[in-house]
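Numbering (full-length UniProt numbering), first residue to last: 1 to 385.
Ideal placement from N, C-alpha and C gives every residue a C-beta, glycine not left out.
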């Protein structure tokens with residue numbers, strides 16, 4: 001497991017945490033360690049069944065820990081009841097009380113804490129203002145849109161100023177337009193509150209948009225932790241590269257002394273090779289926006305890697321064209337061409353494809369990874385829940 005350095009002292013520490021459910025042999029969460037700094041927005045990202053929701057549930061105290069420990073401000077809370085951890089939680093399903101108004105829903109956790117009526121009124125007013133629902137205070141949940149109901153759930157979760165806010169796929173039930181709107185609202189709330197936010201999603205676009213850091217989960221383990229740009233530009237594993245966006249992946253043998261990846265028909269230059277990969281199978285990962293297409297090979301910039309490819313399709317997606325490519329070794333991939341730029345070829349034509357070797361990543365090629373050169377799911381595409 002890889003974890004980026006985090007200079008701030010951790011407010012929440014996950015140390016070697018595992019979870020094995022009764023009747024199963026494979027851990028749902030397998031020896032996960034992660035430090036979360038005060039005020040950080042961190043996202044647990046991964047496909048269905050990767051362990052991210054189980055990890056969040058153990059943080060919240062809804063699921064017991066099989067091994068390891070969870071600390072909040074240096075205090076071991078691994079065996080503590082959920083209500084003693086002082087954490088706010090928001091789920092995909094809003095879980096609002098249908099017979100209570102917006103005001104009463106938000107006030108409920110304050111009443112449970114036996115606050116005075118004056119304190120409750122003041123805090124509910126602040127929460128309503130935070131989520132821009134002041135004029136909806138007396139409405140019932142059935143009189144609100146899905147986005148408004150989720151705002152009420154967010155207000156209820158932060159009204160008592162918890163130590164951190166945990167969110168499990170909170171936008172999963174909303175359509176894309178509402179999701180985008182609520183993403184902006186959640187980002188604004190994080191800035192205004194300065195609270196630690198821990199967010200679970202399978203949506204890559206959501207993770208990249210919202211997060212200070214992302215922890216990518218796969219089969220119960222954390223594959224890599226880093227900022228959105230670190231994970232996207234410098235993935236450390238093939239899984240991270242293919243899950244967090246689309247890539248063209250050329251397979252070959254790593255030659256550290258020569259600084260290249262030997263890919264049969266061509267040998268791309270590969271600076272910054274990990275010496276541990278020398279002589280092993282490796283994959284050159286290049287993002288679509290980094291690939292350039294040329295009808296004249298003489299136009300390739302000096303120092304760029306290049307290979308011939310055939311255009312298989314051109315798809316218009318609004319602000320850019322996605323150009324499908326097929327290479328002589330059978331690898332498939334794609335390049336991005338911004339709208340307004342002329343397209344160098346049509347499907348069926350050959351082009352020279354080039355890229356700056358500084359903008360590729362070389363990762364190990366595990367035997368059980370898929371052989372397709374394209375990502376399992378394009379960036380931002382909905383995944384299974």
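Own chain partners of residue i with C-beta closer than 7 Å, once the 5 adjacent residues on each side are dropped
{"i": "residue 146", "result": "173, 174, 178"}
{"i": "residue 366", "result": "238"}
{"i": "residue 14", "result": "32, 33, 34, 70"}
{"i": "residue 387", "result": "Since the displayed the chain opens at 1 and closes at 385, residue 387 lies outside it and no answer follows."}
{"i": "residue 103", "result": "124, 137, 138"}
{"i": "residue 160", "result": "109, 110, 113"}
DSSP state of residue i mapped onto helix, strand, coil
{"i": "residue 259", "result": "coil"}
{"i": "residue 35", "result": "strand"}
{"i": "residue 5", "result": "Low local confidence applies: a pLDDT of 44 at residue 5 is under 50, so the model's placement there is unreliable, with the coordinate-based value given in what follows. Coil, per DSSP."}
{"i": "residue 190", "result": "helix"}
{"i": "residue 139", "result": "coil"}
{"i": "residue 208", "result": "helix"}
{"i": "residue 180", "result": "helix"}
{"i": "residue 266", "result": "coil"}
{"i": "residue 319", "result": "coil"}
{"i": "residue 81", "result": "coil"}
{"i": "residue 376", "result": "With a pLDDT of 33 at residue 376, under the threshold of 50, the modelled position of this residue cannot be trusted, and the question is left open."}
{"i": "residue 337", "result": "strand"}
{"i": "residue 201", "result": "strand"}
Delimiting residues of the beta strand (DSSP E) encompassing residue i
{"i": "residue 217", "result": "213-218"}
{"i": "residue 71", "result": "67-72"}
{"i": "residue 90", "result": "87-91"}
Check: residue i C-beta below 6 Å from any heavy atom of the ligand GDP
{"i": "residue 146", "result": "Ligands are entirely absent from the displayed structure, and the ligand GDP is therefore not among its contents."}
Among the options, nearest to residue i - alpha-carbon criterion
{"i": "residue 73", "options": "67, 86, 62", "result": "86"}
{"i": "residue 450", "options": "18, 27, 38, 26", "result": "This structure gives no information on residue 450, because the portion of the chain shown stretches from 1 to 385."}
{"i": "residue 94", "options": "65, 132, 142, 52", "result": "142"}
{"i": "residue 41", "options": "211, 167, 168", "result": "211"}
{"i": "residue 319", "options": "117, 80, 187, 338", "result": "338"}
{"i": "residue 106", "options": "115, 88, 127", "result": "127"}
{"i": "residue 213", "options": "169, 219, 200, 221", "result": "200"}
Terminal residues of the alpha helix (DSSP H) in which residue i lies
{"i": "residue 388", "result": "Because the chain in this structure spans residues 1 to 385, residue 388 falls outside the shown range and cannot be described."}
{"i": "residue 158", "result": "146-158"}
{"i": "residue 125", "result": "117-130"}
{"i": "residue 58", "result": "52-60"}
{"i": "residue 229", "result": "228-233"}
{"i": "residue 41", "result": "From DSSP, residue 41 is part of no alpha helix (DSSP H) but of the beta strand (DSSP E) over 41-45."}
Distance CB(residue i)-CB(residue j) smaller than 7 Å
{"i": "residue 307", "j": "residue 266", "result": "yes"}
{"i": "residue 17", "j": "residue 68", "result": "yes"}
{"i": "residue 250", "j": "residue 331", "result": "yes"}
{"i": "residue 66", "j": "residue 20", "result": "yes"}
Cutoff 6 Å; reference residue i; Cβ partners in own chain excluding five residues on either side
{"i": "residue 345", "result": "311, 351"}
{"i": "residue 290", "result": "355, 359"}
{"i": "residue 335", "result": "288, 291, 293, 323"}
{"i": "residue 315", "result": "322"}
Proximal residues to residue i (C-beta, below 8 Å), its chain only, five neighbours per side dropped
{"i": "residue 119", "result": "110"}
{"i": "residue 364", "result": "237, 238, 277, 280, 281, 282, 283"}
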